[in-house]
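Number of protein chains: 2
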Amino acid sequence: MPRNTTRAEPGFRELTENNRSGPLFVRSLEKAMQVLAAFHHADAPLSLSEIAAQANVDRSTAQRMVHTLRSMGYIRRAGDGRGFVPGIRLLDHTLDYLRLDPLVRRATPVLQELRKEVRERVDLSLFDDLRVVYAVRLQSKRQTFYTTLVGHSVPSFCSSGGWAILSRLPDDRVRDILDRSDRRPFTPHTVTQIPAILDKIAETRANGYALSLNQILLGEIAAGFPVLDANGDPVAAIHVAGSLAEWTPEDFVNRNIPLALEAARAISQY
Amino acid sequence: MPRNTTRAEPGFRELTENNRSGPLFVRSLEKAMQVLAAFHHADAPLSLSEIAAQANVDRSTAQRMVHTLRSMGYIRRAGDGRGFVPGIRLLDHTLDYLRLDPLVRRATPVLQELRKEVRERVDLSLFDDLRVVYAVRLQSKRQTFYTTLVGHSVPSFCSSGGWAILSRLPDDRVRDILDRSDRRPFTPHTVTQIPAILDKIAETRANGYALSLNQILLGEIAAGFPVLDANGDPVAAIHVAGSLAEWTPEDFVNRNIPLALEAARAISQY
DNA sequence: GCAGCTGTATCGTCTTGCAATACAGAAGAT
DNA sequence: ATCTTCTGTATTGCAAGACGATACAGCTGC
């Protein structure tokens, strides 16, 4: 379940003083996207009134937006009579995103190779401020529903991928991100205190990779590796994830880290 | 590469006579989504002018739409200076779609089990008129880039999933779909003639599954199985796909069909 | 230095999105 | 049984605000 929401593209606010009020800002479009985003907090089909409430728009507005989005395939009626759900047309944009992201293109074959060698779950997640978003997912045998879904995200502050990325950011940006994060625990072992998180990040910086135990899911061990762009800034992470029922942390590290580190370097451009 | 585009939700046109002109239709939203959809035909970052041309809107309109979509994270600047690309925020809607589709929920664990047993690529694709759209993808060892991507689609007329679905539709709907399809071949073996396609569909109807050889990709063998909703109408298909370098068609059928057929029945609601 | 691109910014006009209002049908309560 | 409160859908007058012409600065290539 996503806990944080995306902000504008980083560095965008600098370009235009007040980016949601200038004459360039299309208010009706904002409302429309809020209508689509109403489903972010839903776990069942939404009625028009529910959509209007979630999106913070008038019921009439929701009606017209839904009508239009429906005519374009972005929303459809729920199979069983009542309410609306997201439409299949959205998946076309998923494909556009994945196809056109050079990082995803570059990473996919490398991850496939890595997956073949380590035989555990291998993922690519993209850095998005307070969270990392899974974009490529290569499963192993045992999986939960959410570990197969593209678009799923986990917080930066308590995931191996997040730590890997934070370990390559300047201290003040790390502080800023941790301060703004909603640091609710996922498991009893989730690290939520800022000093403890900073320790983890320091350890990650020293080792070159992040090791997380029981952070998001009980019984899960994961290693995260930063992926750098041409400027040396971290933009993504790759992960190898396994089960603590099968691995001791030592074996997991010895067996998987070298291969994954090499893969992360192959994807990085720095 | 997608060859066909999505239409409105089936049965929608019946509801409102002219669904893109009534007072309920929000024109600026249509333009905005066309702007986002401009990337469907792109294979590199798009400039404002290119977006305007693709979306059939004024450059000024494109500018304002892009500005707004950017401020919300749906579009971002390309990493290397010039142009725009789809933004990560789109993946949030991908997740909404996958989470809220009951079919995807039901199918995922069944497909994981199937994948474990057949050890070949296993997919779920959703019926969308002229095409089927991949929503769940469980890889095997050897993969191409596109066989890993959620949102990728293939035509109904020449894919095992398409045949599986068409085999459960009434004849006149099949004719209609075939007539409207752009039946360009993908490989020298792609079946493009309507009589030949109808033969394939008849064979599928008799067998209960569809077998495709070299239709989309040379060297690929795939079996497709229809998934039915509570009314008995086909809404999706599951696939098992392997390589002709490893399988004779007979072995492929004998080894994989029974398990996959059972999986398709488990997912169906009829 | 000119031509042709980028992306960005401003502004007056009149299109068109807004929200109040209404209605039929279904679900549930009493 | 009726009364209430949900659905989703449809109409309409008014004025908010989207449209698109126009302009400009910063590139790249010729």
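Those sequence lines, one after another, are chains A and B. Everything in the first sequence is counted per the working numbering, starting at 1 for the first residue and increasing by one. Everything in the second sequence is counted per the working numbering, starting at 1001 for the first residue and increasing by one. Idealized CB from N, CA, C, for every residue including glycine.
**OP:** Measuring only between beta-carbons, confirm whether G1079(B) sits less than 8 angstroms from chain A.
**Re:** yes
**OP:** May I have the straight-line CA-CA distance separating I1221(B) from G1242(B), to the nearest angstrom?
**Re:** 5 angstroms
Original post:
Can you name the residues of chain A whose CB is closer than 7 angstroms to the CB of F1039(B)?
Top reply: D96 and L100
Original post:
Could one say the Cβ of K1200(B) lies closer than 8 angstroms to chain A's Cβ atoms, at least one of them?
Top reply: no
**OP:** Below 8 angstroms CB to CB, which residues in the same chain sit around T148(A) once its five sequence neighbours on both sides are set aside?
**Re:** R137 and Q139
Original post:
If we cut at 8 angstroms on Cβ distances, does N256(A) have a partner in chain B?
Top reply: no
**OP:** Please state if the CB of G151(A) and the CB of D1092(B) are separated by a distance shorter than 8 angstroms.
**Re:** yes
**OP:** Under the assumption that V1118(B) contacts V1240(B) (Cβ atoms under 8 angstroms), give the Cβ distance between them as a whole number of angstroms.
**Re:** 6 angstroms
Original post:
Looking only at C-alpha atoms, which of A1230(B), V1026(B), L1130(B) and A1210(B) sits nearest to S71(A)?
Top reply: V1026(B)
Subject >> Cβ of L124(A) within 8 angstroms of any chain B Cβ >> reply: no
**OP:** Note down, in chain order, every chain B residue with its Cβ under 7 angstroms from the Cβ of L36(A).
**Re:** H1093
**OP:** Step through the CB atoms of chain B and report whether any lies within less than 8 angstroms of the CB of L213(A).
**Re:** no
**OP:** List the residues of chain B that V150(A) touches, going by C-beta distances under 8 angstroms, in chain order.
**Re:** L1091, T1094, L1095, L1098 and V1150
Original post:
Taking C-alpha atoms, which residue in S1049(B), I1075(B) and L1024(B) lies nearest to M1033(B)?
Top reply: I1075(B)
**OP:** Ignore the nearest five residues each way along the sequence and tell me which others in R1205(B)'s own chain have a CB closer than 7 angstroms to its CB.
**Re:** S1167
Original post:
In chain order, what residues of the same chain have a beta carbon less than 6 angstroms from the beta carbon of A210(A), not counting five sequence neighbours either side?
Top reply: S160, W163, A164, T204 and G224
**OP:** Mind listing the chain A neighbours of Q1143(B)? Cutoff is C-beta to C-beta under 8 angstroms, in chain order.
**Re:** Q112
Original post:
When Cβ atoms are compared, which residues of the stretch 58-74 of chain A fall closer than 8 angstroms to chain B?
Top reply: Q63, R64, M65, H67, T68, L69, R70, S71, M72, G73 and Y74
Original post:
Would you say D1172(B) faces chain A, with C-beta separation under 8 angstroms as the test?
Top reply: no
Original post:
Any idea what DSSP makes of Y1074(B), helix, strand or coil?
Top reply: coil
Original post:
How should D128(A) be labelled, buried or exposed, when 16 other C-beta atoms within 10 angstroms of its C-beta is the threshold for buried?
Top reply: buried
Original post:
Taking Cβ positions, are L217(A) and T248(A) nearer each other than 8 angstroms?
Top reply: no
**OP:** Evaluate N1256(B) with the Cβ neighbour count: other Cβ atoms within 10 Å of its Cβ, from every protein chain shown; 16 or more gives buried, anything less gives exposed.
**Re:** buried
Original post:
What are the residues that DSSP puts in a beta bridge with D172(A)?
Top reply: Partner(s): none; D172(A) has no beta bridge.
Original post:
From what residue to what residue does the alpha helix (DSSP H) around I1051(B) run?
Top reply: L1048 to A1055
**OP:** Assign V85(A) to one of three DSSP states: helix, strand, or coil.
**Re:** strand
**OP:** Run the CB neighbour count on Q112(A), radius 10 Å, all protein chains shown included, and call it buried at 16 or more, exposed below.
**Re:** buried
Original post:
At least one CB of chain B closer than 8 angstroms to the CB of S268(A): is that the case?
Top reply: no
**OP:** Just mark S1049(B) as buried or exposed, buried being the case when its beta carbon has 16 or more other beta carbons within 10 Å.
**Re:** exposed
Original post:
Which whole-angstrom value is the C-beta distance of F1271(B) and L1029(B), which I expect to be below 8 angstroms?
Top reply: In the structure displayed, chain B extends from 1001 to 1270; residue 1271(B) sits before or after that span and is not available.
**OP:** Please find out if some non-hydrogen atom of the ligand HEM comes closer than 7 angstroms to the beta-carbon of T1204(B).
**Re:** This structure lacks the ligand HEM, and indeed carries no ligand of any kind.
**OP:** Report the rounded CA-to-CA distance for G1079(B) versus P1086(B), giving the unit in angstroms.
**Re:** 12 angstroms
**OP:** Anything in the stretch 22-34 of chain A with a Cβ closer than 7 angstroms to a Cβ of chain B? List those residues in chain order, please.
**Re:** L24, F25, V26, S28, L29, E30, A32 and M33
Original post:
In terms of alpha-carbon separation, which member of C1158(B), K1200(B), L1169(B) and R1142(B) lies closest to S1181(B)?
Top reply: C1158(B)
**OP:** Output yes or no for whether 8 angstroms exceeds the beta carbon distance between V174(A) and S153(A).
**Re:** no
Subject >> Contacts that P1086(B) makes with chain A (C-beta to C-beta distance below 7 angstroms) >> reply: H93, D96, Y97 and L100
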